[in-house]
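Undergrad: Quick one: structure below, then a few questions.
There are 2 protein chains.
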Amino acid sequence: MASQHAEMDQVVQKLTDLLGKRCTTAEAVREQHGHDESWHFPSAPDAVCFAQSTEEVSEIVKICAYHKVPIIPFGAGTSLEGHVNAVHGGISIDLNDMNKVLRVGQEDLDCTVQPGVRRKQLNEYLRDTGLFFPIDPGADASIGGMASTRASGTNAVRYGTMRENILCMTVVLPDGRIISTGHRSKKSAAGYDLTKLYIGAEGTLGIITEITLKLYGIPEAISAATVCFPDIEGAIQAVILTIQSGIPVARIELLDEVQVDAINRYSNLELAVKPTLFLEFHGSEAYVKEQAEQVSDICSEFGAEGFEWTTQAEERTRLWQARHDAAYAAIALRNGAQIWATDVCVPISRLSDCILETKQDLEESFLIAPLVGHVGDGNFHLSFVIKKENPEELAEAERLNGRLIDRALAMDGTCTGEHGIGLGKKKYMYREHGEAVDVMATLKHALDPDNIMNPGKIIPDQAAE
Amino acid sequence: MASQHAEMDQVVQKLTDLLGKRCTTAEAVREQHGHDESWHFPSAPDAVCFAQSTEEVSEIVKICAYHKVPIIPFGAGTSLEGHVNAVHGGISIDLNDMNKVLRVGQEDLDCTVQPGVRRKQLNEYLRDTGLFFPIDPGADASIGGMASTRASGTNAVRYGTMRENILCMTVVLPDGRIISTGHRSKKSAAGYDLTKLYIGAEGTLGIITEITLKLYGIPEAISAATVCFPDIEGAIQAVILTIQSGIPVARIELLDEVQVDAINRYSNLELAVKPTLFLEFHGSEAYVKEQAEQVSDICSEFGAEGFEWTTQAEERTRLWQARHDAAYAAIALRNGAQIWATDVCVPISRLSDCILETKQDLEESFLIAPLVGHVGDGNFHLSFVIKKENPEELAEAERLNGRLIDRALAMDGTCTGEHGIGLGKKKYMYREHGEAVDVMATLKHALDPDNIMNPGKIIPDQAAE
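Chains as they are written, first to last, in full-length UniProt numbering: chain A, 1 to 465; chain B, 1 to 465.
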């Protein structure tokens with residue numbers, strides 16, 4: 001093991017004294033912790049520690065802080081911008097053993113979980129309570145990872161993102177101190193919003209070890225619908241009018257005709273190969289019906305055909321499973337290919353323009369990239385279907401991605417709606433935020449002066465402190 | 001003028017060169033800018049500057065930064081914890097001339113305003129668009145002040161607080177640089193959440209000069225209701241069940257019998273002198289009816305009587321005006337008295353206990369203090385009716401306030417749900433946040449090393465950096 005860090009042997013020895021076999025330098029484990037699900041090339045950490053408590057995380061951090069060795073928190077490994085890659089070596093803290101639901105507050109509609117709890121596990125756990133946690137990024141991500149990347153997904157249009165659904169957290173600071181970022185009350189005006197500072201910080205300011213989440217009552221009725229449009233503009237105009245009308249759609253997803261074709265093949269569906277909206281409505285029986293009828297009327301105004309809706313759980317599950325399998329369907333378009341997933345978010349008034357110009361770009365390219373969007377939020381994804389060993393394809397994805405981001409920024413949008421910055425989008429930070437990046441760098445330096453917390457992520461190397 | 005700052009004459013000269021008569025040291029103007037609507041004793045600034053643009057704010061800040069002179073932003077002056085008092089002297093920047101609505105995005109349901117825009121002015125401006133801005137703290141506060149104190153109010157239970165309703169802001173940093181904290185897209189995962197850091201920072205990290213707000217469609221139908229309960233516990237149980245049932249009440253306010261008696265007198269109403277809920281429902285005609293009926297049923301389960309609801313705009317306005325006049329009604333209980341307003345917020349499961357123990361305290365005290373609550377959020381207010389020249393009354397309010405806060409903190413709540421820290425609650429910051437206060441102090445010191453931005457607010461004097 002040839003580490004970048006002179007004192008790594010000492011660090012590993014101390015961590016082994018603390019954790020026994022739960023500190024390992026086994027190559028297979030290190031390799032597994034050196035990458036996420038993105039196209040980014042892996043960088044393995046020097047060692048992996050499996051922590052079992054907040055106090056243990058604190059001890060690990062103190063050892064690493066003393067030796068100024070990087071620490072990278074690791075959850076489900078489902079991130080999409082190289083968030084967990086150990087680009088400066090160091091210690092990966094695997095939090096999957098911290099996977100307990102610590103409490104559920106039925107009256108308060110909240111719960112407290114450890115960071116390794118997966119979102120599906122949480123909803124299984126909650127089932128008998130009549131409550132659920134709505135945030136659904138597709139992957140069965142860990143709650144800690146979802147907090148750290150400010151994740152959202154299909155029903156953020158109704159329930160918000162992780163940003164709106166965390167009440168408070170326990171965080172281990174870069175020097176090993178343990179703080180609470182707040183309390184369980186629904187509101188507070190008591191000082192700086194540390195909770196929000198740590199949501200989306202991608203492990204660069206500390207390690208989240210407990211999360212208190214908002215929960216919601218499982219709706220009395222849920223209905224799902226699909227509807228296809230002659231063109232994307234019509235679909236988006238229908239979305240805008242739906243939201244302007246205050247109809248609280250729970251999900252409203254756009255799939256372009258390339259993506260519809262891909263999921264027809266992959267999931268054995270027979271959807272018309274046209275721009276299509278997948279919708280979901282939550283509420284009472286009567287209210288779900290009212291919403292579906294209102295949206296059906298709106299869609300008709302914009303030339304939609306075949307609005308079909310169902311309250312059958314089985315049919316609904318099949319539909320949403322197909323939506324969630326969009327990325328796998330994209331991969332299946334080409335033998336031996338991988339996905340370079342990217343996402344941007346723009347004000348919804350600019351969404352048509354942004355998508356149409358992007359599709360124009362794609363038509364002129366040799367790469368295929370199905371498009372899906374959480375269009376109620378103005379957020380959409382492209383999945384470049386590439387072979388990453390091929391430098392030409394990588395360069396073309398890079399070029400198209402850059403153009404997509406420039407376009408989104410010119411429309412007062414952001415270079416990522418929900419995937420985060422990680423390694424992949426650092427280079428766009430100044431273009432998006434200007435001097436505000438220096439403010440972020442100042443915060444980073446103030447809280448983590450030795451730059452040991454997931455270094456190389458979010459803050460561009462050239463940022464001034 | 002005997003300033004605490006040796007170079008104040010030079011500063012005023014430079015500011016006068018920049019602003020002409022819009023920089024003033026007139027005593028009446030200084031006095032007016034030395035206090036808010038709270039009981040806190042005033043501290044006048046050395047001078048007041050009336051800024052008209054972001055660039056001008058930046059120039060003023062640069063002058064003050066060069067001489068290390070404090071700067072205190074001033075909006076409507078309706079804050080409740082001494083937020084604008086110039087406790088270390090310096091320059092008050094009055095932002096009331098920056099009162100333009102800069103743009104409205106009908107398709108995006110958003111708008112951008114200058115910080116001096118008042119909330120009533122904004123809703124007047126928006127009327128013809130069919131949109132509205134819901135946050136309603138009672139007072140006709142400025143949007144900049146509401147952002148800076150993380151304000152909320154009666155319909156936060158449905159629409160959230162300022163925290164959830166600001167997309168991005170323009171901020172002048174303590175060195176005069178101008179940044180955007182983000183963009184107009186509904187979501188972003190691009191770096192640290194600077195927007196949220198500045199919301200609730202009470203002007204201690206910089207000055208907000210533009211705010212982009214979320215807007216909502218004016219509901220097709222609005223209905224209001226009142227219902228009274230034999231006891232407070234029943235009222236709160238009804239609120240809990242209403243929220244658990246997912247009924248999206250737009251407002252759900254509790255008034256205790258002391259407050260009901262006060263508003264009966266002040267607003268000429270004839271409500272039963274019992275714990276009472278004021279409610280409002282937003283939605284379609286059918287949905288508003290459905291919600292009112294569901295809530296009526298729930299209230300009956302907990303012994304409520306006389307559930308009355310109306311969709312008449314006039315009756316509704318009269319009711320909510322009475323609710324908003326609660327503080328004036330409290331003042332009117334006693335000749336020549338003032339109000340010491342305080343608020344706490346707890347998890348709703350603890351709200352009954354918190355209110356009942358607080359009322360027990362009040363019964364044993366010689367002070368009167370009506371109670372109103374945004375109970376859907378677990379947030380309630382006391383208005384101590386005092387004569388602040390009387391040290392015994394001040395001490396008693398202080399004692400009761402301290403007990404209230406200890407109680408809320410013991411219940412995993414916060415010392416303030418919506419008023420903010422200002423001067424008045426600094427002493428409770430460590431009790432609430434522990435070492436997290438030191439993290440806040442680190443952030444403050446990193447961004448404002450000379451401590452010129454509204455010094456003496458939020459961060460306790462003993463905080464380590």
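Yeah, the Cβ is synthetic: ideal placement off N, Cα and C, and Gly gets one too.
Taking only beta-carbon atoms, is A/Ile421 less than 8 Å away from chain D?
TA: Protein chains A and B are contained in the structure displayed, whereas chain D is not.
Undergrad: If you reduce the DSSP assignment to three classes, tell me which class A/Met411 lands in.
TA: Residue state, collapsed to three classes: coil.
Undergrad: Does any C-beta atom of chain A lie closer than 8 Å to the C-beta of B/Arg403?
TA: False, the Cβ-Cβ gap to chain A never drops below 8 Å.
Undergrad: Under a Cβ-count criterion, where at least 16 other Cβ atoms within 10 Å of its own Cβ denotes burial, should A/Gln13 be classed as buried or exposed?
TA: Exposed is the call here.
Undergrad: Measure from the alpha carbon of A/Ala141 to the alpha carbon of each residue in A/Arg22, A/Ser79, A/Gln52, A/Arg407, then state which is nearest.
TA: The option with the nearest alpha carbon to A/Ala141 is A/Ser79.
Undergrad: Give the residues of chain A in contact with B/Lys196, contact being defined as C-beta atoms less than 8 Å apart.
TA: The contacting residues are Arg163, Asp193, Lys196, Leu197.
Undergrad: Quick one: what's got a C-beta closer than 7 Å to B/His83's C-beta in the same chain, skipping five residues either side?
TA: For B/His83, where only same-chain residues beyond five positions count, the Cβ hits under 7 Å are Asp36, Thr149, Glu202, Gly420, Gly422, Lys457.
Undergrad: Measure from the alpha carbon of B/Ala436 to the alpha carbon of each residue in A/Pro370, A/Ala304, A/Leu197, A/Glu305, then state which is nearest.
TA: Of A/Pro370, A/Ala304, A/Leu197, A/Glu305, the residue nearest in Cα terms is A/Leu197.
Undergrad: Under 7 Å Cβ-Cβ, which residues of chain A neighbour B/Ile348?
TA: Glu107, Asp108, listed in chain order.
Undergrad: Please report the Cβ distance between A/Ala190 and B/Thr414, rounded to the nearest whole angstrom; I am assuming they are in contact, meaning their Cβ atoms lie under 8 Å.
TA: The pair is a contact, with the Cβ atoms about 5 Å apart (cut-off 8 Å).
Undergrad: Mapping the DSSP letters down to three states, classify B/Arg184 as helix, strand or coil.
TA: Three-state DSSP puts B/Arg184 in coil, outside helix and strand.
Undergrad: Please list the partners that A/Val104 has in chain B, where partner means a Cβ-to-Cβ separation under 9 Å.
TA: The contacting residues do not exist; A/Val104 stays about 11 Å from chain B at best.
Undergrad: Can you tell me which of the three DSSP states B/Ala83 falls into?
TA: The residue you asked about is not Ala; residue 83 of chain B is His in the sequence shown. Looking at B/His83 - three-state DSSP - the assignment turns out to be coil, as it is neither helix nor strand.
Undergrad: Rounded to a whole number of angstroms, what is the C-alpha to C-alpha distance between A/Gly303 and A/Ala272?
TA: Cα-Cα distance, rounded: 14 Å.
Undergrad: Have a look at A/Asn335 and A/Phe229 and give me their C-alpha separation to the nearest angstrom.
TA: The alpha-carbon atoms of A/Asn335 and A/Phe229 are separated by roughly 30 Å.
Undergrad: Taking a contact to mean a Cβ-Cβ separation below 8 Å, would you say A/Ile452 touches A/Thr311 in this structure?
TA: Against a cut-off of 8 Å, the Cβ pair of A/Thr311 and A/Ile452 comes out as no contact.
Undergrad: Quick check on B/Gly306: does DSSP put it in helix, strand or coil?
TA: DSSP places B/Gly306 in strand when its eight states are reduced to three.
Undergrad: How many angstroms separate the CA atom of A/Trp309 from the CA atom of A/Val295?
TA: Cα-Cα distance, rounded: 11 Å.
Undergrad: Mapping DSSP to helix, strand and coil, what is A/Tyr216?
TA: In the structure shown, A/Tyr216 sits in a strand (DSSP, three-state: E or B).
Undergrad: Within 10 angstroms of the Cβ of B/Leu173, are there 16 or more other Cβ atoms? Answer buried if so, exposed if not.
TA: Classification for B/Leu173: buried.
Undergrad: Residues of chain B with CB closer than 7 Å to the CB of A/Ser245, please, in chain order.
TA: Those are Gly217, listed as they occur along chain B.
Undergrad: Any residues in the stretch 421-445 of chain B with a beta carbon nearer than 9 Å to a beta carbon of chain A? Which ones, in chain order?
TA: Of all residues in the stretch 421-445 of chain B, Ile421, Lys425, Tyr428, Met429, Glu432, His433, Gly434, Glu435, Ala436, Val437, Asp438, Val439, Met440, Thr442, Leu443, Lys444, His445 have a Cβ within less than 9 Å of some Cβ in chain A.
Undergrad: Which residue's Cα is closest to the Cα of A/Ala238: A/Asn155, A/Phe307, A/Pro73?
TA: Answer by Cα proximity: A/Phe307.
Undergrad: State the CB to CB distance for the pair A/Tyr216 and A/Leu109, rounded to an integer number of angstroms; the pair is presumed to be in contact (CB under 8 Å).
TA: That belief holds up - the Cβ atoms of A/Tyr216 and A/Leu109 are roughly 7 Å apart, short of 8 Å.
Undergrad: Compile a chain-ordered list of the residues in the stretch 274-289 of chain B whose CB is closer than 7 Å to at least one CB of chain A.
TA: Residues Ser284, Ala286, Tyr287.
Undergrad: Should A/Val385 and A/Ala446 be called a contact, given that it needs their Cβ atoms to be closer than 8 Å?
TA: Contact: no.
Undergrad: Out of A/Glu290, A/Tyr287, A/Ala369, A/Leu205, state which residue places its alpha-carbon closest to the alpha-carbon of A/Glu257.
TA: That would be A/Ala369, whose Cα lies nearest to the Cα of A/Glu257.
Undergrad: Taking the C-alpha atoms as reference points, what is the distance between residue 547 of chain A and A/Ile331?
TA: With chain A covering 1 to 465 only, the question about residue 547 of chain A has no answer from this structure.
Undergrad: Let me know the alpha helix (DSSP H) ranges lying completely inside the stretch 195-257 of chain A, each 4 residues or longer, listed in chain order.
TA: Taking only runs of at least 4 residues, the alpha helix (DSSP H) segments lying wholly in the stretch 195-257 of chain A are 232-244.
Undergrad: Please report whether the beta-carbon of B/Ala65 lies at a distance below 8 Å from any beta-carbon of chain A.
TA: With 8 Å as the cut-off, B/Ala65 does not count as an interface residue toward chain A.
Undergrad: With DSSP as the reference, label B/His40 as helix, strand or coil.
TA: Coil.
Undergrad: Run through the DSSP bridge pairs and tell me what B/Thr342 is partnered with.
TA: Per DSSP, B/Leu382.
Undergrad: Note down, one range per segment and in chain order, each beta strand (DSSP E) of at least 3 residues found wholly within the stretch 3-72 of chain B.
TA: Counting only runs of 3 or more, we get 47-50.
Undergrad: Specify the secondary structure class of A/Gly144 as computed by DSSP and reduced to three states.
TA: DSSP places A/Gly144 in helix when its eight states are reduced to three.
Undergrad: Interface residues of chain A around B/Glu418 at Cβ under 7 Å?
TA: Result: Lys187, Ala189.
Undergrad: Leaving out five residues before and five after A/Lys388 in sequence, what residues of the same chain have Cβ atoms less than 7 Å from its Cβ?
TA: These residues qualify, in order along the chain: Trp39, Gln338, Leu394.
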